[in-house]
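Q:
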Amino acid sequence: MLQGTGMGAAALTLAACSTGGSGKPEPAKDNSANDPTLTWANWALYLDEDDDGNHPTLDRFVEETGISVDYRVDVDDNNSYYAKVKDQLALGQDIGADTACLTDWMAGRWVRLGYTQEFDDANLPNKKNLEPSLLDVDFDKGRKHTLPWQGGFAGICWNKAKVPQGLRTVSDLWNPALKGRVGVLSEMRDTIGLIMLENGVDISGDFSNDDFSDAIEVFRKQVEVGQIRNIKGNSYIDDLANEDTLAAIVWSGDVTTLNAENGDRWEFAIPEAGGTIWNDNFLIPIGSPRKANAEKLINYYYDPEVAAEVAAWVNYITPVVGAKEAAEAIDPELVENQLIFPNEETLSTVKRFRTLTPAEEQSFGAEFQSVLIGA
1 MLQGTGMGAA
11 ALTLAACSTG
21 GSGKPEPAKD
31 NSANDPTLTW
41 ANWALYLDED
51 DDGNHPTLDR
61 FVEETGISVD
71 YRVDVDDNNS
81 YYAKVKDQLA
91 LGQDIGADTA
101 CLTDWMAGRW
111 VRLGYTQEFD
121 DANLPNKKNL
131 EPSLLDVDFD
141 KGRKHTLPWQ
151 GGFAGICWNK
161 AKVPQGLRTV
171 SDLWNPALKG
181 RVGVLSEMRD
191 TIGLIMLENG
201 VDISGDFSND
211 DFSDAIEVFR
221 KQVEVGQIRN
231 IKGNSYIDDL
241 ANEDTLAAIV
251 WSGDVTTLNA
261 ENGDRWEFAI
271 PEAGGTIWND
281 NFLIPIGSPR
291 KANAEKLINY
301 YYDPEVAAEV
311 AAWVNYITPV
321 VGAKEAAEAI
331 DPELVENQLI
341 FPNEETLSTV
351 KRFRTLTPAE
361 EQSFGAEFQS
371 VLIGA
């Protein structure tokens, strides 16, 4: 199961919570003017794609700017990606990515440790299109180091043919009929967050250590009895496609893409007790020598028409103001899609896992990892 998370015991320890030394690395000298290239590290199923495997919006960026882009699906989960690059980041070295998209809490860690470069807003005129509620986040006030790529929900899904009765709650995943055919995410805040919500805990509020530990014990029991088959990052989609798992804790947009590519076989739902909501964020690693190129890419994806085209394919929440109107021109039904443009009713069913203190991040992470190591 550790292999499925992309993390061994050593990597888990590395990923727990590094606070680093007092000194922070210096940003690399920008060589964008002499090097019209960049590398983008992202998650699977997270950029528009045509039938030939091309990315239409990215191809247009290359044509318009002359900057060639090496697009890599390198992020399976936040911890495993961080474990691979943390030593280079601490030394201020190039990690082989000029921009990467990481979830709020991990992006916040990089900002805190000095592992990101500060944006030049003159290169980001489309930053004005950022959804105002996402501007002053606690981990990056004013968005000087990060900008949201997409947002989404964590919820539950099931194979409609094999689980015809469907699922309504996280507890439904523990049905003995599903023993050994359940998958959960290696992202702690989503898997444990959903269990905490099922336990009646407000994950956005001032919950206690005991509240967290109670959810860990539910998780531990389901692993130990063999109810849970796999604990994975984005590679969980393969387990659903080949039916190793018939029900799972998942990310919202992936299910739409899975259905489009493999037949309409799965259903997604926010559990009755609530789901989680999050954003993945563009950032520029401290050692990137192509900062201005990366800023051009980020600015391009904050054009409402481009953002709408991406959202229509990935089915995640776009952070770009004006994208809704642009999406209506693509397909009027898109504006009713609650995975892209959630209304207040949908948003009332989800919670954002509150920002943890460094001490909580370390202790809670260790509890979660203890289950993974024992799996």
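Note that the working numbering has the sequence shown beginning at 1, numbered continuously upward. Here a beta-carbon is modelled for each residue, glycine too, at the ideal position from N, C-alpha and C.
Of all the options ILE298, ALA312, GLU187 and GLN88, which has the alpha carbon lying nearest to the alpha carbon of TRP40?
A: Working through the sequence shown from its first residue, we reach residue 40 at position 40. Of the candidates ILE298, ALA312, GLU187 and GLN88, the one whose C-alpha sits nearest the C-alpha of TRP40 is ILE298.
Q: For GLU305, which residues in the same chain have their Cβ closer than 6 Å to its Cβ, ignoring the five residues on either side in sequence?
A: As a working note, residue 305 is residue 305 in the sequence shown. Around GLU305: ALA326.
Q: Which of helix, strand or coil does DSSP assign to GLU243?
A: Counted from its first residue, the sequence shown places residue 243 at position 243. Of the three classes helix, strand and coil, the one that applies to GLU243 here is coil, per DSSP.
Q: Which runs of the beta strand (DSSP E), 3 residues or longer, sit entirely within the stretch 274-361?
A: Fully enclosed beta strand (DSSP E) runs of 3 or longer: 275-283.
Q: Where DSSP assigns a beta bridge to TYR71, which residues make up the other side?
A: The residue labelled residue 71 in the question sits at position 71 within the sequence shown. In DSSP, TYR71 forms a bridge with TRP40.
Q: Name the DSSP bridge partner or partners of ASN159?
A: The sequence position of residue 159 within the sequence shown is 159, counting from 1. Answer is TRP266, bridged to ASN159.
Q: What residue range does the alpha helix (DSSP H) around LEU194 cover?
A: Translated into positions along the sequence shown, residue 194 becomes position 194. Per DSSP, LEU194 belongs to the alpha helix (DSSP H) from 188-198.
Q: For VAL255 and CYS157, which I take to be in contact (beta-carbon distance under 8 Å), what is that distance rounded to the nearest angstrom?
A: Within the sequence shown, numbered from 1, the residue matching residue 255 stands at position 255. Within the sequence shown, numbered from 1, the residue matching residue 157 stands at position 157. Between CYS157 and VAL255 the Cβ distance is about 5 Å, and since that is below 8 Å, they are a contact.
Q: Quick check on LEU113: does DSSP put it in helix, strand or coil?
A: The count along the sequence shown starts at 1 and reaches residue 113 at position 113. Of the three classes helix, strand and coil, the one that applies to LEU113 here is helix, per DSSP.
Q: Let me know the secondary structure DSSP gives ASP52 once reduced to three states.
A: Residue numbering aside, residue 52 sits at position 52 when the sequence shown is read from its first letter. Coil at ASP52, not helix or strand.
Q: Report, in whole angstroms, the separation of the C-beta atoms of PRO332 and ASN279, which I expect to be a contact under 8 Å.
A: Position 332 of the sequence shown, counting from 1, holds the residue named residue 332. Position 279 of the sequence shown, counting from 1, holds the residue named residue 279. At roughly 26 Å, the Cβ-Cβ gap does not stay under 8 Å, so PRO332 and ASN279 are not in contact.
Q: Indicate the three-state DSSP secondary structure (helix, strand or coil) for THR146 in the structure shown.
A: Here residue 146 refers to the residue found at position 146 of the sequence shown. THR146 falls in the strand class under three-state DSSP.
Q: Helix, strand or coil, according to DSSP, for PHE153 in the structure here?
A: Your numbering for residue 153 matches position 153 in the sequence shown. Reduced to three states, the DSSP call for PHE153 is strand.
Q: Anyone know if the C-beta pair for ASN78 and LEU102 falls short of 8 Å?
A: Within the sequence shown, numbered from 1, the residue matching residue 78 stands at position 78. Within the sequence shown, numbered from 1, the residue matching residue 102 stands at position 102. The answer is yes: Cβ separation under 8 Å.
Q: Is the distance from the Cβ of ALA241 to the Cβ of ASN209 below 8 Å?
A: As a first step, residue 241 is located in the sequence shown; it is residue number 241 there, counting from the start. As a first step, residue 209 is located in the sequence shown; it is residue number 209 there, counting from the start. No, these two residues do not count as a Cβ contact at 8 Å.
Q: Using a threshold of 8 Å, state whether the C-beta atoms of ASN54 and VAL73 are closer than that.
A: Counted from its first residue, the sequence shown places residue 54 at position 54. Counted from its first residue, the sequence shown places residue 73 at position 73. No; because the gap between Cβ atoms is not below 8 Å, this pair is not in contact.
Q: CB SER171 to CB GLU131, shorter than 8 Å?
A: As a working mapping, residue 171 is identified with position 171 in the sequence shown. As a working mapping, residue 131 is identified with position 131 in the sequence shown. The answer is no: Cβ separation not under 8 Å.
Q: Compare the C-alpha of ASN175 against each of ARG60, GLN222 and ALA359 and name the closest.
A: Stepping through the sequence shown from its first residue, residue 175 is reached at position 175. Among ARG60, GLN222 and ALA359, the Cα nearest to that of ASN175 is on GLN222.
Q: To the nearest angstrom, report how far apart PHE139 and ALA100 are at their CA atoms.
A: As a first step, residue 139 is located in the sequence shown; it is residue number 139 there, counting from the start. As a first step, residue 100 is located in the sequence shown; it is residue number 100 there, counting from the start. The straight-line gap from Cα to Cα measures roughly 17 Å.
Q: Would ASN315 be called buried (16 or more neighbouring beta carbons within 10 Å of its own) or exposed?
A: Counting from one through the sequence shown, the residue named residue 315 turns up at place 315. So ASN315 counts as buried.
Q: Expressed to the nearest angstrom, what Euclidean distance is found between the alpha-carbon atoms of THR357 and ALA161?
A: Along the sequence shown, read from residue 1 onward, the residue named residue 357 stands at position 357. Along the sequence shown, read from residue 1 onward, the residue named residue 161 stands at position 161. Those two C-alpha atoms are separated by around 43 Å.
Q: Put PHE364 into one of helix, strand or coil per three-state DSSP.
A: Along the sequence shown, one-based indexing puts residue 364 at 364. Correct three-state label for PHE364: helix.
Q: Just verifying my parser: in three-state terms, what is the DSSP assignment at LEU185?
A: Taking the sequence shown and counting its residues from 1, one reaches residue 185 at position 185. Three-state result, LEU185: strand.
Q: Could you give the first and the last residue of the continuous alpha helix (DSSP H) run that contains LYS84?
A: Within the sequence shown, the letter at position 84 stands for residue 84. Note, LYS84: alpha helix (DSSP H), 78-90.
Q: Is the beta carbon of LEU58 sitting closer than 8 Å to the one on THR257?
A: Residue 58 sits at position 58 when you count from the first residue of the sequence shown. Residue 257 sits at position 257 when you count from the first residue of the sequence shown. No, they are not a contact pair.
Q: Per DSSP, what kind of secondary structure is ILE373 in: helix, strand or coil?
A: Looking up residue 373 in the sequence shown gives position 373. DSSP places ILE373 in helix when its eight states are reduced to three.
Q: Quick check: the Cα distance between ARG265 and GLY193, rounded to an integer number of angstroms?
A: In the sequence shown, residue 265 corresponds to position 265, counting from 1. In the sequence shown, residue 193 corresponds to position 193, counting from 1. Answer to the nearest angstrom: the Cα atoms are 26 Å apart.
Q: Does the Cβ of GLU37 have 16 or more other Cβ atoms within 10 Å, making it buried, or fewer, making it exposed?
A: For the purposes of this step, residue 37 is identified with residue 37 of the sequence shown, where counting begins at 1. Looking at the sequence shown, residue 37 is not Glu but Thr. THR37 comes out exposed.
Q: Measure the C-alpha to C-alpha separation of GLU63 and VAL75 and round it to an integer number of angstroms.
A: The sequence position of residue 63 within the sequence shown is 63, counting from 1. The sequence position of residue 75 within the sequence shown is 75, counting from 1. Going from the Cα of GLU63 to the Cα of VAL75 covers about 26 Å.
Q: With DSSP collapsed to three states, give me the class of ILE203.
A: Position 203 of the sequence shown, counted from the start, is the residue given in the question as residue 203. Here ILE203 sits in coil by DSSP.
Q: What is the rounded straight-line gap between the Cα of ALA260 and the Cα of ASP190?
A: Against the sequence shown, residue 260 aligns to sequence position 260. Against the sequence shown, residue 190 aligns to sequence position 190. Their backbone Cα atoms lie some 24 Å apart in a straight line.
Q: Counting C-beta neighbours from all protein chains within 10 Å, is the total for PRO148 16 or more, i.e. buried, or is it exposed?
A: Taking the sequence shown and counting its residues from 1, one reaches residue 148 at position 148. That one is buried.
Q: Could you give the distance in angstroms between the alpha-carbon of ASN293 and the alpha-carbon of GLY374?
A: In the sequence shown, counting from the first residue as 1, residue 293 sits at position 293. In the sequence shown, counting from the first residue as 1, residue 374 sits at position 374. Distance between the alpha carbons of ASN293 and GLY374: 44 Å.
Q: Could you check the C-alpha separation between ALA366 and VAL163 for me, to the nearest Å?
A: Within the sequence shown, residue 366 is the residue found at index 366, counting from 1. Within the sequence shown, residue 163 is the residue found at index 163, counting from 1. One C-alpha to the other measures close to 34 Å.
Q: Below 8 Å on the Cβ atoms is my contact criterion, and I expect ILE330 with ALA359 to pass it. Report the Cβ-Cβ distance as a whole number of Å.
A: Taking the sequence shown and counting its residues from 1, one reaches residue 330 at position 330. Taking the sequence shown and counting its residues from 1, one reaches residue 359 at position 359. About 46 Å; that fails the 8 Å criterion.
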